[in-house]
Every structure is written in structure tokens, then in C-alpha cells.
Amino acid sequence: MPSKNSHGTSRAVGHLGERVAGNLLIRNSAMVTAGRIVEGDLRVAGGKIVAVAPGGGLEPRNDELVIDGDGLHLLPGAIDPHVHFREPGQPEKEDLESGSRAAAAGGVTAFLDMPNNIPNATNRTTLETKIALAGKKAVTHHGFFIGATKDNIRDLQSVEGMDGVCGIKVFMGSSTGDLLVHEQKHLENIFANTGGIIATHAEDEERLQARIAEFGHRTDISSHAECRDVECAFLATKRAAALAKDYDHRLHIVHLTSGTEADWLTNNKGDLVTTEVCTQHLTFDQDDVEELGERVLMNPPIRYTEDKETLWKRLKDGTIDCVVTDHAPHTLEAKSVGFPKAPAGMPGVETSLPLMLTHAMNGKCSITDVVRWMCEGPAKVYGMRGKGSLSEGMGGDLVLVDMENHRTFTDADTWTRVGWTPFNGMSLTGWPMLTVVDGQVVHSRDQGGSLRGNEVAMPGSAGRVLEFD
Ligand code: DOR
Ligand code: ZN
């Protein structure tokens with residue numbers, strides 16, 4: 001900042017010395033709002049959107065930063081409701097600062113972080129610690145899940161309605177870390193005695209363990225999807241949906257991976273159940289697993305072309321509510337031990353928006369679809385107050401993207417502390433030129449400059465705890 005627009009002129013034309021933090025005018029961009037794209041101006045004052053003017057005409061004031069958005073698209077800041085930043089416990093992989101920076105670089109202005117930390121975030125004290133740390137280190141808005149164990153009902157109850165706490169995470173099947181609740185009586189106890197949203201990692205533990213024993217001799221990575229098969233996922237998804245119904249409890253099924261589950265949910269979701277899909281499950285299939293190996297090893301696995309296509313179909317018909325990353329940073333060194341010992345999970349929070357916008361440019365979907373799935377959808381699923389759309393009264397969380405500039409993203413361009421990306425070498429467009437949180441610029445890129453871009457905000461200087469309805 002300031003950066004050059006396509007005509008080579010300076011984008012920021014405001015009077016920086018006089019401007020008030022949180023005041024911003026973006027002129028002449030293509031604003032993606034309420035399912036439409038309209039050219040015009042948008043003003044943020046005091047951190048909130050105060051004017052959306054199709055056709056433009058907002059006169060610059062000298063207390064605001066003025067940005068020329070000509071040739072760029074303006075989107076609501078993306079919301080990633082499924083990330084695993086590794087704080088506390090493994091800051092060498094990711095902490096709330098590096099994770100939040102990566103988010104900002106990717107146009108993500110709010111994240112919801114999972115509880116499988118060291119120690120696990122399973123009580124009020126650990127949640128309060130994470131919230132306090134994020135206040136000091138993050139540059140984006142933030143919320144946190146509390147992890148369920150077989151006997152922490154009181155802890156789960158103690159954070160109900162607390163600002164910054166978005167829901168309860170239940171690992172019904174084992175994955176990274178040791179959080180696990182798989183016995184029916186314990187699951188029933190949680191559904192019967194808590195409120196809010198339960199988000200489940202739906203893989204059936206009994207079938208999983210039996211199959212892990214059975215597949216133990218296989219060292220080819222293609223056996224991962226055979227072992228943790230569709231039936232593992234489908235059994236748990238059906239079981240979780242039945243619990244939601246029996247106990248009249250909101251349920252969100254995280255990272256849906258199979259066509260079978262997606263098709264089943266179309267007729268069986270009802271009003272209580274929502275679900276999500278990861279960018280990588282919309283992008284990769286068995287051939288990428290073969291080619292990229294441990295880099296794309298995750299739980300539940302990358303599956304098959306048919307699954308990928310059905311996930312797209314069910315995203316478009318509204319069965320799947322939002323697109324997330326499951327950003328799970330593991331080091332390449334840890335991955336290098338090879339399958340099956342390599343840890344599961346891949347980073348993604350800084351690539352999700354360009355990746356989806358690239359899919360849009362390739363005709364897979366529209367830009368308004370991407371906003372529906374990555375901004376409005378997560379805000380709706382979690383009841384995030386004041387988030388997810390470009391309308392007056394909403395928070396001033398914005399991302400100004402360049403749809404016309406394909407660039408090849410590599411490991412060297414990442415902000416995540418693990419320093420690599422499963423999309424290494426891919427040509428992507430839709431790069432955020434400016435990411436704004438509450439009217440404050442937190443990340444910028446210069447036309448023709450480094451793809452990594454510039455960190456603008458100091459740790460802790462932007463972003464707040466999210467509030468949930
Ligand atoms: O692949 C995964 N990695 N799946 C999970 O459920 C957890 C995640 C992690 O935290 O590494
Ligand atoms: Zn996850």
C-alpha cells in the first residue's frame with residue numbers, strides 16, 4: 001500500500017495523515033452483493049459498512065483512506081469456519097499469529113479454530129487462554145470450538161453462549177490428536193445436555209479401527225481412501241443426524257467427502273443439520289493422491305472423481321452449506337516418513353479463496369456462488385452477527401480481488417509457518433490485492449509484486465472475538 005492499478009496509477013489516494021482508523025472508501029469496484037455484481041462505491045466508517053452505492057458517486061472525505069477499485073472485484077471477507085492453528089502446543093507449525101496472517105493473505109477475515117491442541121481445548125480456561133492469545137496475536141476475527149470428551153459435559157455447558165466460542169467439536173472417529181467420543185451413551189449425553197452447535201468429524205471409530213488393522217500391510221497411499229472408506233463416513237454421518245433429530249440439537253457435519261453422504265443428506269438434512277466441503281475435496285481426486293502423495297494425505301481422505309463431482313452438484317443445489325479448508329499444518333519433514341505413518345492434514349487457509357475463484361473463472365461456478373459458499377454460508381451456519389455480506393450495517397470486512405491475473409503459487413509464497421502448499425505449482429487467479437478487517441487494511445499485494453504480498457497490520461491490532469446468535 002499504496003499499490004498500482006492496471007493503469008499503473010497509485011490506488012490509494014487518501015490523505016493518510018488525517019484519516020481515522022476504520023474509515024475507508026473503495027471506489028469503482030465490481031461489488032459482489034446479494035447474489036449480484038454491481039459497479040460502484042462502498043464506504044466503511046468506524047469499522048462498519050455505512051454506504052453501498054451502485055453506480056458510484058460517493059465523494060471522498062479527508063478522514064478516510066480512498067482506494068481505487070477499478071478493474072477489481074470487491075467481496076465480503078471470506079470466513080473459514082474450519083482451521084487447525086496449532087496454538088497452544090505446536091507454535092513451530094502454526095500459531096494464532098502466523099495462521100491469522102495466512103488467513104489475511106488469502107482474503108479470509110474471520111476463522112473458527114479447532115480444539116485438538118496440546119493441551120486440547122476442552123474447558124473454559126483453555127478457551128479463555130486461546131481467546132486472550134488471539135486478541136494479542138491475530139489480525140483477523142476469530143472464534144474457537146470447545147472439544148468434547150466422554151466426560152466433560154460441565155465444561156461444554158460452561159462456555160455456552162460465551163463470545164468467541166462457536167460450538168462443540170466432536171471427533172466421532174480418531175484423527176490428529178486424541179480427542180474422541182464414539183460410544184453411543186457418551187454421544188447421547190452430549191446431544192441431550194448441551195446447546196448451540198455440535199460439529200462432528202463423522203467417521204465410525206469401530207469400522208475405522210477394524211479396517212486400519214486389516215489394511216496395516218498396505219504402504220501404497222491409494223489404500224488410504226480404501227481403508228477409511230465411504231462406509232466409515234456414511235455410518236457416522238447417519239448416526240450423528242439421528243442424534244440431532246432425537247435430541248432436537250443443531251448439528252454441523254464437517255468436511256463431507258463422499259457422494260453417498262451428500263446424496264443422502266439432500267433428503268435427510270431437515271432443519272437441524274448443515275454441512276461443509278473442503279476446497280481440496282472439490283479439487284483433488286485419486287490421480288492427485290497418486291501424484292502428490294503425503295502432501296494431500298488427510299482424514300477423511302481425498303476420494304474419487306465421482307465423489308468430487310457429486311460434492312460440486314450438492315454444493316450447487318444447496319445441500320452443502322459452505323466451503324472450508326480444514327487448514328491442518330504439518331511439516332513436510334513429518335510428512336516425509338511416508339505413508340502410512342505420515343500425519344494427515346494439509347494447509348489451505350491462504351489459498352481457498354483464489355482456488356475457488358479460479359474454479360469460477362474455469363466455469364465450475366460463479367463468483368456469486370463463491371461468496372454464497374465462503375462468506376454468507378459460514379456466517380449463516382454459525383449465526384455470526386454482522387458478517388458475510390456487503391450491506392449497510394455489516395462489519396467492514398472486505399477483500400478486493402483481481403480476477404484477471406493468473407499467477408503460479410508455490411511453497412515459497414506461503415505465510416503458513418510450515419511453509420508449503422498442496423497447490424504448489426498451480427496457476428491461480430482471484431488473488432486478494434487488499435484484505436480489510438473492520439475498515440483496517442491487514443494485508444496487501446502490489447500489481448506485479450511478490451505473490452506473498454505485504455503484512456500491513458501489527459499482531460493484535462485488528463480483528464475481534466466473533467459473536468454468535
Ligand atoms: O486430516 C486431518 N487433519 N483431519 C483431521 O480431522 C484433523 C486434522 C489435523 O488437525 O491435523
Ligand atoms: Zn479438521
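Residue 1 is where the sequence shown starts when you use the numbering used here, and the numbers rise one by one after that. The beta carbon of each residue, even a glycine, is placed where N, CA and C say it ideally should be. Fair warning: this is a prediction, and the values are worked out from it, not measured in the lab.
Option nearest residue i by Cα separation, candidates the options
i           : options            : result
residue 81  : 277, 405, 341      : 277
residue 221 : 207, 337, 125, 322 : 337
residue 38  : 75, 24, 246        : 75
residue 447 : 434, 458, 456      : 434
residue 61  : 19, 135, 118, 102  : 19
residue 195 : 167, 202, 398      : 167
residue 423 : 348, 392, 381, 391 : 348
residue 392 : 84, 47, 260        : 47
residue 379 : 333, 43, 275       : 275
residue 298 : 308, 335, 268      : 335
residue 256 : 247, 271, 232, 25  : 232
residue 45  : 58, 120, 108       : 58
residue 352 : 215, 437, 409, 314 : 409
residue 85  : 271, 331, 311      : 331
residue 197 : 54, 254, 141, 204  : 254
residue 156 : 178, 127, 134, 137 : 127
Same chain, Cβ closer than 7 Å to residue i, neighbours up to 5 away in sequence not counted
i           : result
residue 21  : 440
residue 405 : 429, 431
residue 372 : none
residue 90  : 118
residue 419 : 411
residue 469 : 383, 385
Burial state of residue i, where buried means 16 or more other Cβ atoms lie within 10 Å
i           : result
residue 163 : exposed
residue 416 : buried
residue 210 : exposed
residue 302 : buried
residue 463 : buried
residue 414 : buried
residue 188 : exposed
residue 94  : buried
residue 458 : exposed
residue 287 : exposed
residue 445 : buried
residue 56  : exposed
residue 154 : exposed
residue 16  : Unreliable placement is indicated for residue 16, whose pLDDT of 45 sits below 50; no coordinate value is reported for it.
residue 317 : exposed
residue 23  : buried
Short CB-CB distance (under 7 Å) between residue i and chain C
i           : result
residue 322 : Going by chain labels, chain C is absent from the structure shown, which holds only one protein chain.
Spatial neighbours of residue i in its chain, beta-carbon cut-off 6 Å, leaving aside the 5 residues before and after
i           : result
residue 180 : 171, 174
residue 266 : 319
residue 273 : 241, 244, 251
residue 186 : 150
residue 308 : 285
residue 350 : 102, 105, 106, 415
residue 112 : 81, 143, 166
residue 449 : none
Contacts around residue i, its chain only, beta-carbon distance under 8 Å, and the 5 residues preceding and following it disregarded
i           : result
residue 407 : 427, 428, 429, 431, 451
residue 296 : 280, 284, 288, 289, 302, 346, 422
residue 32  : 73, 74, 75, 76, 367, 368, 371, 390
residue 101 : 139, 415, 443, 455
Problem set entry | 4-residue-minimum alpha helix (DSSP H) runs that sit fully inside the stretch 34-119, ordered along the chain | The qualifying runs are 96-105.
For this session: Note down, one range per segment and in chain order, each alpha helix (DSSP H) of at least 4 residues found wholly within the stretch 141-185.
Result: Counting only runs of 4 or more, we get 153-158.
Exercise. Near the ligand ZN, which residues have their beta-carbon less than 7 Å from any of its heavy atoms, given in chain order?
Worked result: Those satisfying the condition are, in chain order, 82, 84, 114, 201, 254, 255, 326, 328.
For this session: Identify every run of the beta strand (DSSP E) within the stretch 178-259, keeping only runs that are complete inside it and at least 3 residues long; order them along the chain.
Result: Entirely contained in the stretch 178-259, the beta strand (DSSP E) runs reaching 3 residues are, in chain order, 197-201, 250-253.
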